[in-house]
Amino acid sequence: MNLTDLQALEERYLMRTYKRAPVEFVRGEGSLLWDAEGKEYLDFLAGISVCSVGHCNPEVVEAVREQAGRLMHTSNLFYTEPMVRLAERLSESSLGGRVFFANSGTEANECAIKIARKRAHRRGIEAPEIVSFERDFHGRTYGSLSATPALAANPDLAPMLPGFRSVPFDDATALREAVGESTAAVLIEPIQGEAGVYPLGEESLLAAREACDAAGALLIFDEIQTGMGRTGSLWAYEQTPVRPDVLTSAKALGGGMPIGACVTSPEAGEVLEPGDHGSTFAGGPVACAAALAVLEIVDDPGLLRRVRDLGATLREDLLALNGVREVRGRGLMTGVGLEEGIDAAVIGVDLLERGLIVNVPEPGTLRLLPPLTVDPDQIDRAVASIGATLLSYAAQ
Amino acid sequence: MSSKKRPTEPRALTSSTAERLAAIVEAAEQAASKVIDDAEEQARRELGEASARADRIVAERLRELADELDPPSSPRRENHLRPVEPEAEPAPGPRSTSAGARLLATQMAVSGSSREEIEQRLRSGFDIEDTSEILDAILGPEEE
Numbered sequence: 004m005n006l007t008d009l010q011a012l013e014e015r016y017l018m019r020t021y022k023r024a025p026v027e028f029v030r031g032e033g034s035l036l037w038d039a040e041g042k043e044y045l046d047f048l049a050g051i052s053v054c055s056v057g058h059c060n061p062e063v064v065e066a067v068r069e070q071a072g073r074l075m076h077t078s079n080l081f082y083t084e085p086m087v088r089l090a091e092r093l094s095e096s097s098l099g100g101r102v103f104f105a106n107s108g109t110e111a112n113e114c115a116i117k118i119a120r121k122r123a124h125r126r127g128i129e130a131p132e133i134v135s136f137e138r139d140f141h142g143r144t145y146g147s148l149s150a151t152p153a154l155a156a157n158p159d160l161a162p163m164l165p166g167f168r169s170v171p172f173d174d175a176t177a178l179r180e181a182v183g184e185s186t187a188a189v190l191i192e193p194i195q196g197e198a199g200v201y202p203l204g205e206e207s208l209l210a211a212r213e214a215c216d217a218a219g220a221l222l223i224f225d226e227i228q229t230g231m232g233r234t235g236s237l238w239a240y241e242q243t244p245v246r247p248d249v250l251t252s253a254k255a256l257g258g259g260m261p262i263g264a265c266v267t268s269p270e271a272g273e274v275l276e277p278g279d280h281g282s283t284f285a286g287g288p289v290a291c292a293a294a295l296a297v298l299e300i301v302d303d304p305g306l307l308r309r310v311r312d313l314g315a316t317l318r319e320d321l322l323a324l325n326g327v328r329e330v331r332g333r334g335l336m337t338g339v340g341l342e343e344g345i346d347a348a349v350i351g352v353d354l355l356e357r358g359l360i361v362n363v364p365e366p367g368t369l370r371l372l373p374p375l376t377v378d379p380d381q382i383d384r385a386v387a388s389i390g391a392t393l394l395s396y397a398a399q
Numbered sequence: 104m105s106s107k108k109r110p111t112e113p114r115a116l117t118s119s120t121a122e123r124l125a126a127i128v129e130a131a132e133q134a135a136s137k138v139i140d141d142a143e144e145q146a147r148r149e150l151g152e153a154s155a156r157a158d159r160i161v162a163e164r165l166r167e168l169a170d171e172l173d174p175p176s177s178p179r180r181e182n183h184l185r186p187v188e189p190e191a192e193p194a195p196g197p198r199s200t201s202a203g204a205r206l207l208a209t210q211m212a213v214s215g216s217s218r219e220e221i222e223q224r225l226r227s228g229f230d231i232e233d234t235s236e237i238l239d240a241i242l243g244p245e246e247e
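Chains F and G, in that order, are what the protein sequence lines are. Quick note on our numbering: the first sequence kicks off at 4 and runs consecutively. Quick note on our numbering: the second sequence kicks off at 104 and runs consecutively.
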C-alpha cells in the first residue's frame, strides 16, 4: 500500500480533523525517522514532544514488550504493580500527594478541573470559576476545551462549560483582578506550548501563586508539554519561583504509549473520593511500565543538565541565523520567531523536504521539540537546515 | 601391562598433567577474574547506591527547605479562605519577590541545576545583584 492508497483510504474513512503532511513514516530510531521510500528525517518534533527519549528507545520497548507479554489489562478494580510504582515515583518527584492516571493530557486536566470544582464546592462556592491565560492550550475534551480560550471561541462547538474565564497572557495585574472569592483554580501552562513557546514571566507566576493563596484557590500547572525533562528539569515548575498545588502530565510520560497523570499536593489529593472520577484503561500496566522506563531515563541529573546545555546552544545558534527575530523557550522546548514577512508554514514545508521535521504553531513561529537524547551534531544539522531554508526563502 | 606402553606413559602423564595444570591455572585465573569482576561490580553497585542515597538525602533536605518556603498543604492555607477584594490586593512587594527567589533557587537546586545556572536565573528574573546570600543558604558557601 503506497502513500496514494493511504490518502484515498483516509479520505474515505477518517474524520477530517487533521491536515496531514504527505509522508508515511514506517520506522524510527533515536532522533531519526524513515519514510516508506527509505528517506531519512531528523525529527525535531518528536511526535509533539511525546518521543522525548527517542523513537523506539530500547529500554522503553523492552519494558513494553515484557509487560505486554505478561499482563496487559485488568481495570482499576484491581491492583497492578506498575501503576502503584509509577504513582509513587511521580508523587515523590514532585508535589508529594496523590496521582490519578488518565489516558491523555486533556483527561489529566479534566481530573484537575474536577478536583478544583469539588474543592470549591466544599468551601461553599456555588459557581466556581477557573482562570486561565489567553492562548493557553489545555486540551480538546469539553472541560479542558473550555479552559482553552482560542478553541472555546469556536461557535460550532458551543456551548462550552460554564465557570471558565481568561485574562491576557502574562498580565499579572489582570490575573490578580480575575481571581476572587469564586475562584476554584488558576490553570496555566508555565510555558505556553501550542501557542508558540511563550514562557510565563516571573511576575505572573508569583501573582498566580499569591492570588491563589489569598483566595484559597488551587494553582494548577499544565505540564503536559513542559514536564518530563523537556525544559531541563523534570518539571518546569522547578525552574520557577512558585510551586503548584496540582500538575498534569502526559505526552512524554509514556514515551509513545498513551498515558496522562494528574499529580497533587497532599491536600489536593484528598479531594476526590470513590465515584467522583474514573477510567477503564487508565493506569494500565503496559503504559505504566513504559512510563517507569521513561522516568528511569529522564529523571537523571546528567541528562537534564545536557538538555539545558544543548538547549542553550540551540537557541544561541538559531538566534545567529538570518531571518530569525527571536528565540524563546527553555531546555529543548524552543520557539523560533521569524522576521516579519517570512511565512513559517512555507519554511516548515521546505524543511520537511530537506528531511527536518519541525512544527508551525503560528504564522511566524517554528517550534522545535527534539528528543532529549538528541546528539549535538544533530542539533548542528537542524540549525544548518533551518539556516539554508531561510537563506533560500530570502533569495526568492 | 604391556612394556611397550610404559615408555609412552610418562609422556602421556606429562602431557596430561600439563594440560590439567593449564586447565587448573586457567580456571583459577577465570575464578580470580570473576571474583575481581564481582567485587568491582559490587563496589560499583554500592557506590551507585551510596551516591543515590546521598542524592536522595540532599534532594529530601532541599525539598524540606522548599516546603518551609512554600508549605504545599498546610492548614495555614485554609486560613486564607476569604473573599478577595481586588483593590485591596497588595502589589507584589520585595517580600514575595524574595520568597519567590529563594523558592526558585531551592527548586532549581533540587532539580540539579548548577550554582551558575541558579545565579543566572536570579539575576535575570529578579534583578538580584548579590546572589551569594541566597546561594550560600541553599547550596552552602562556595568553595575557594
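By construction, the Cβ of each residue, glycine as well, lies at the ideal position given by its N, Cα and C atoms.
F:GLU365 and F:PHE167 have their C-alpha atoms spaced approximately 24 Å apart. Here F:ASP159 carries a helix assignment [DSSP, helix/strand/coil].
A Cβ-Cβ separation of about 27 Å leaves F:ILE133 out of contact with F:LEU89 under the 8 Å criterion. With respect to the 8 Å criterion, F:GLU43 and F:LEU35 are classified as neighbours on the basis of their beta carbons. Contact annotation for F:GLN242 against chain G: LEU207, GLN210, MET211, SER214, SER216 and ARG224 [CB-CB distance below 8 Å, chain order]. For F:SER169, the three-state secondary structure derived from DSSP is strand. Counting only runs of at least 4 residues, the stretch 226-282 of chain F fully encloses no alpha helix (DSSP H) element at all.
Of all C-beta pairs linking the stretch 330-341 of chain F to the stretch 311-319 of chain F, three or more are shorter than 8 Å, placing the two stretches in contact.
Taking F:VAL352 as reference, the option from F:ASN362, F:GLY344 and F:GLU343 with the minimal CA-CA separation is F:ASN362. Against chain G, the beta carbon of F:SER236 has neighbours under 9 Å at GLN210, MET211, VAL213, SER214, GLY215 and SER216, listed in chain order. Annotated as proximal: F:VAL297 and F:VAL63, with beta-carbon spacing under 8 Å. The criterion of a C-beta distance shorter than 8 Å is not satisfied by F:LEU221 and F:ARG120. Along the stretch 291-318 of chain F, going in chain order, the ones with a CB nearer than 8 Å to a CB of chain G are PRO304, LEU307, ARG308 and ARG311. Chain F places a beta carbon closer than 8 Å to that of G:ALA169, counting this residue as a contact. Cβ atoms of F:THR144 and F:GLU192 stay farther apart than 8 Å, at about 17 Å.
Taking C-alpha positions only, F:THR234 is separated from F:PRO202 by approximately 11 Å.
Residue state for F:SER52 is assigned as helix, using DSSP reduced to three classes.
Of all residues in the stretch 194-214 of chain F, only GLY204, GLU205, GLU206, LEU208, LEU209, ALA210, ARG212, GLU213 and ALA214 come within less than 9 Å of chain G when Cβ atoms are compared, listed by chain position.
Note that the C-beta distance between F:CYS59 and F:GLY41 is not below 8 Å.
The beta carbon of F:ARG30 sits no closer than 8 Å to any beta carbon of chain G. Only those residues of the stretch 230-245 of chain G whose C-beta falls short of 8 Å from the nearest C-beta of chain F would be listed, and there are none. For F:ALA177, the secondary structure class from DSSP, reduced to helix, strand or coil, is helix. In this structure, the CA atom of G:ILE241 is about 8 Å from the CA atom of G:ALA212.
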